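Number of protein chains: 2
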Amino acid sequence: MNLIYRDGSENFYMRKEVEGNQITVCVTNLKSLWRSRMTQDDILGLFRRQNPLLQAKSEWIMTYVHSCLDSKESSTCVKVDDTNKTLSLNLVNQASEVKVKLHLILHIQDDQEFFREVTNPLVAVVIQLMDQRSKLLALVKSKDLELREYKLEGAEITRKNVETSDVMEKEFLNESLFRIPGQDSDQPTLHGAESESRPFTNIC
Amino acid sequence: MNLIYRDGSENFYMRKEVEGNQITVCVTNLKSLWRSRMTQDDILGLFRRQNPLLQAKSEWIMTYVHSCLDSKESSTCVKVDDTNKTLSLNLVNQASEVKVKLHLILHIQDDQEFFREVTNPLVAVVIQLMDQRSKLLALVKSKDLELREYKLEGAEITRKNVETSDVMEKEFLNESLFRIPGQDSDQPTLHGAESESRPFTNIC
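Line by line, the protein sequences are chains A and B.
Reading the first sequence from the start, the letters are residues 1 to 204 in my numbering.
Reading the second sequence from the start, the letters are residues 1 to 204 in my numbering.
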């Protein structure tokens with residue numbers, strides 16, 4: 001999912017999925033999930049109704065739609081209705097020579113879908129990152145062992161500026177922690193996971 | 001949040017928060033969040049109604065309740081009602097000599113609270129782990145540079161079994177990735193974030 005729009009402190013992320021003739025667009029603000037699932041014919045019909053003066057072949061339209069949904073140069077505007085039931089997505093591809101509209105309506109999904117599309121992939125990423133962290137800590141440890149061996153055998157290097165010091169796992173983990181709101185006060189935590197200064201541009 | 005109960009493939013996590021005289025208990029299955037906020041007096045009243053034959057001082061009861069909520073030796077049973085509105089939490093501390101009941105009813109929370117208690121801390125953990133990964137990769141790189149320096153200056157070690165090979169960041173990241181369901185097929189992904197074989201015992 002990629003960051004597509006920011007409304008105050010709220011960030012919206014989008015993912016496009018293509019399966020055969022079907023395109024699925026998901027948008028989340030990490031609280032709710034909205035989705036639209038369309039066939040190529042649905043999209044072509046929608047596009048022609050929204051741009052009646054534009055004469056274009058189906059291939060051109062589909063390329064344009066995909067570029068809008070993929071491009072980081074798209075100017076995207078997101079609006080959620082008052083009941084939270086629908087999300088209106090307005091896409092304009094700035095890179096294109098012709099300024100055409102693409103307006104999609106996405107519908108709210110239930111908790112099960114939010115879990116499938118947002119929470120579960122997030123948990124998967126956490127597991128993956130924790131696994132990578134263990135592997136990297138083991139690598140650092142093995143390199144420190146090799147370096148100690150050189151020193152024990154009396155070797156020295158001329159370029160002192162490349163010398164490193166032993167990494168202590170516990171110290172490293174303590175020092176590299178931020179503060180997470182809502183945790184016990186004696187636990188290292190992290191401020192502003194979704195703060196203004198540190199937007200999360202790519203999730204799971 | 002700690003894993004307290006598994007119902008088939010569904011895992012339930014609990015967090016206890018104490019603020020002054022108030023105890024908050026949150027339970028999530030990563031799809032919904034249920035919460036109960038009680039004062040010490042509420043808990044004492046509840047406990048005495050549920051265990052009418054037990055004569056115990058307030059201090060003993062509160063110690064028992066906290067041990068139930070904290071202990072990994074608690075035998076916890078979780079049941080969600082058909083409408084998903086309430087979650088019934090039955091705790092029995094197996095370590096205690098006296099077998100007493102503690103039955104709490106937690107109420108469903110809205111998307112905003114689920115975000116505050118589950119999704120946002122998860123995102124925070126991802127940011128933190130990504131930051132640690134960058135730092136560890138930089139450390140490994142600097143140690144490889146130091147090791148190359150020893151070798152360039154002709155040093156050798158006797159214990160060949162402690163020798164390591166250079167770590168290539170790109171290769172390391174590719175090799176250590178799993179597969180995440182719902183991602184593009186050419187992207188490394190992870191199977192079973194919440195699978196039977198790999199339960200996540202501690203989240204955010």
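Beta carbons: idealized from backbone N, C-alpha and C, even for Gly.
In this text, all values refer to a predicted model and were calculated from it rather than measured experimentally.
Worksheet item: Quick one: Cα of S36/B to Cα of I23/B, how far?
Response: The residue given as residue 36/B occupies position 36 in the second sequence. The residue given as residue 23/B occupies position 23 in the second sequence. If I take the Cα positions, the gap works out to 8 Å.
Worksheet entry | Q128/B, enclosing alpha helix (DSSP H) - first and last residue | What you label residue 128/B is simply residue 128 of the second sequence in a count that begins at 1. Looking at the DSSP string, the run of the alpha helix (DSSP H) that includes Q128/B is 120-152.
Worksheet item: Given a limit of 9 Å on CB to CB distance, which residues of the segment 124-143 of chain B reach chain A?
Response: A124, V125, V126, I127, Q128, L129, M130, D131, Q132, R133, K135, L136, L137, L139, V140, S142, K143
Worksheet item: Just curious, the beta strand (DSSP E) that T164/A is in, first and last residue?
Response: Residue mapping note: residue 164/A aligns to position 164 of the first sequence, counting from 1. Here T164/A belongs to no beta strand (DSSP E), and DSSP marks it neither H nor E.
Worksheet item: Would a check of beta-carbon distances place I157/A closer than 7 Å to chain B?
Response: Along the first sequence, one-based indexing puts residue 157/A at 157. Yes, contact with chain B.
Worksheet item: Three or more beta-carbon pairs under 8 Å between the segment 66-80 of chain A and the segment 14-30 of chain A, yes or no?
Response: yes
Practice prompt. Determine the burial state of M168/A: buried for a count of at least 16 other Cβ atoms within 10 Å of its Cβ, exposed for fewer.
Written response: If you number the first sequence from 1, residue 168/A lands on position 168. M168/A should be labelled exposed.
Practice prompt. Starting from K31/B, find everything on chain A with Cβ-Cβ shorter than 8 Å and list it in chain order.
Written response: By 1-based counting over the second sequence, the position of residue 31/B is 31. Chain A residues near K31/B: D111, Q112, F114, F115, T119.
Discussion item. Could you compute how far the alpha carbon of Q112/B sits from the alpha carbon of V118/B?
Written reply: If you number the second sequence from 1, residue 112/B lands on position 112. If you number the second sequence from 1, residue 118/B lands on position 118. Whole-angstrom Cα-Cα distance: 10 Å.
Item to complete: Leaving aside the five residues before and after K143/A along the sequence, list all residues of the same chain whose C-beta is less than 6 Å from its C-beta, in chain order.
Response: The sequence position of residue 143/A within the first sequence is 143, counting from 1. Contacts found: none.
Discussion item. Is the beta carbon of N90/B closer than 7 Å to that of H107/B?
Written reply: Looking up residue 107/B in the second sequence gives position 107. Looking up residue 90/B in the second sequence gives position 90. No.
Discussion item. In whole angstroms, give me the CA-to-CA distance for K101/B and K85/A.
Written reply: Taking the second sequence and counting its residues from 1, the one referred to as residue 101/B is at position 101. Taking the first sequence and counting its residues from 1, the one referred to as residue 85/A is at position 85. Rounded to the nearest angstrom, the two C-alpha atoms are 42 Å apart.
Fill in: For K79/B, the nearest candidate out of T28/B, P121/B, Y64/B (CA to CA)
Mapped onto the second sequence, residue 79/B falls at position 79. Nearest C-alpha to K79/B: T28/B.
Practice prompt. Under the assumption that V123/B contacts L54/A (Cβ atoms under 8 Å), give the Cβ distance between them as a whole number of angstroms.
Written response: In the second sequence, residue 123/B corresponds to position 123, counting from 1. In the first sequence, residue 54/A corresponds to position 54, counting from 1. At roughly 40 Å, the Cβ-Cβ gap does not stay under 8 Å, so V123/B and L54/A are not in contact.
Worksheet item: Should T83/B be labelled buried (16 or more other beta-carbon atoms within 10 Å of its own) or exposed?
Response: Taking the first residue of the second sequence as position 1, residue 83/B is located at position 83. By the 16-neighbour rule on beta-carbons within 10 angstroms, T83/B is exposed.
Practice prompt. Measure how close the beta-carbons of R133/B and L139/A come, nearest whole angstrom, since I'm counting them as under 8 Å.
Written response: For the purposes of this step, residue 133/B is taken as the residue at position 133 of the second sequence. For the purposes of this step, residue 139/A is taken as the residue at position 139 of the first sequence. Actually they do not touch by this definition, with Cβ atoms about 12 Å apart.
Worksheet item: In terms of alpha-carbon separation, which member of E175/A, R49/A, E149/A lies closest to E156/B?
Response: Residue numbering aside, residue 156/B sits at position 156 when the second sequence is read from its first letter. Nearest of E175/A, R49/A, E149/A to E156/B, Cα basis: E149/A.
Fill in: Alpha-carbon spacing of K57/A relative to E175/B, whole angstroms
In the first sequence, the residue the question calls residue 57/A occupies position 57. In the second sequence, the residue the question calls residue 175/B occupies position 175. Using only the alpha carbons, I get a separation of about 43 Å.
Worksheet item: Start and end of the beta strand (DSSP E) containing Q50/A?
Response: Residue 50/A sits at position 50 when you count from the first residue of the first sequence. No beta strand (DSSP E) contains Q50/A, which is instead part of the alpha helix (DSSP H) from 40-50.
Worksheet item: Does DSSP put E171/A in a helix, a strand or coil?
Response: In the first sequence, counting from the first residue as 1, residue 171/A sits at position 171. The answer is helix: DSSP assigns E171/A an H, G or I state.
Worksheet entry | Status (buried if at least 16 other CB within 10 Å, exposed otherwise) for V126/B | The residue labelled residue 126/B in the question sits at position 126 within the second sequence. Classification of V126/B: buried, given that the 10 Å Cβ count is 16 or more.
Practice prompt. Sort out for me which residues DSSP pairs Q22/A with in a bridge.
Written response: Position 22 of the first sequence, counting from 1, holds the residue named residue 22/A. Its beta-bridge partners are E19/A, T39/A.
Worksheet entry | Outcome for W34/A when other beta-carbon atoms lying within 10 angstroms are tallied against a minimum of 16 | Taking the first residue of the first sequence as position 1, residue 34/A is located at position 34. Label assigned to W34/A: buried.
Worksheet entry | Contact with chain A by S176/B, beta-carbon distance below 7 Å | To locate residue 176/B, count along the second sequence from 1; it is residue 176. With 7 Å as the cut-off, S176/B counts as an interface residue toward chain A.
Worksheet entry | Sequence-distant residues of its chain with Cβ nearer than 6 Å to C77/B (five each side left out) | As a first step, residue 77/B must be located in the second sequence, where it is residue number 77. Answer for C77/B: N90, listed in chain order.
Worksheet item: Among all the DSSP beta bridges, which residues are the ones paired with W34/B?
Response: Mapped onto the second sequence, residue 34/B falls at position 34. Partner(s): V27/B, I108/B.
Discussion item. Check whether chain B comes within 7 Å of V65/A, counting only Cβ atoms and requiring the distance to be less than that.
Written reply: Within the first sequence, residue 65/A is the residue found at index 65, counting from 1. It does not; no Cβ of chain B falls within 7 Å.
Item to complete: Please go through the same chain and pick out, in chain order, the residues whose beta-carbon is closer than 7 Å to the beta-carbon of D42/A, but skip the five residues on each side of it.
Response: Residue mapping note: residue 42/A aligns to position 42 of the first sequence, counting from 1. Excluding positions up to five away in sequence, the list is empty.
Item to complete: Could you tell me whether the Cβ atoms of E205/A and E146/B are closer together than 7 Å?
Response: Absent from the model: residue 205/A. The displayed extent of chain A is 1 to 204, so no value can be given.
Worksheet item: Residues of chain A with a CB under 7 Å from the CB of Y150/B: which are they?
Response: In the second sequence, counting from the first residue as 1, residue 150/B sits at position 150. The answer, in chain order, is Y150, A155, I157.
Worksheet item: What residues from chain A crowd round E146/B, counting only those whose CB sits closer than 8 Å?
Response: Residue mapping note: residue 146/B aligns to position 146 of the second sequence, counting from 1. Under the 8 Å cutoff, chain A gives L147, I157, V162, E163, T164.
Discussion item. So, for Q40/A: in the same chain, excluding its five sequence neighbours on each side, which residues have a beta-carbon less than 7 Å away from its beta-carbon?
Written reply: One-based indexing of the first sequence puts residue 40/A at position 40. Spatial neighbours of Q40/A in its own chain (CB-CB distance under 7 Å, excluding positions within 5 residues in sequence) are listed in chain order as N21, M62.
Worksheet entry | Beta-carbon separation (whole angstroms), F114/A vs S32/A, contact threshold 8 Å | Translated into the one-based positions of the first sequence, residue 114/A becomes position 114. Translated into the one-based positions of the first sequence, residue 32/A becomes position 32. That belief holds up - the Cβ atoms of F114/A and S32/A are roughly 7 Å apart, short of 8 Å.
Practice prompt. With DSSP collapsed to three states, give me the class of S71/B.
Written response: Indexing the second sequence from 1 puts residue 71/B at position 71. Of the three classes helix, strand and coil, the one that applies to S71/B here is coil, per DSSP.
Worksheet item: V167/A versus chain B: which residues are under 9 Å apart at the beta carbon?
Response: Stepping through the first sequence from its first residue, residue 167/A is reached at position 167. What V167/A touches in chain B: L136, L139, K143.
Item to complete: Could you tell me the distance, in whole angstroms, from the CA atom of T158/A to the CA atom of E153/B?
Response: Sequence index remark: in the first sequence, residue 158/A carries index 158 (1-based). Sequence index remark: in the second sequence, residue 153/B carries index 153 (1-based). About 8 Å.
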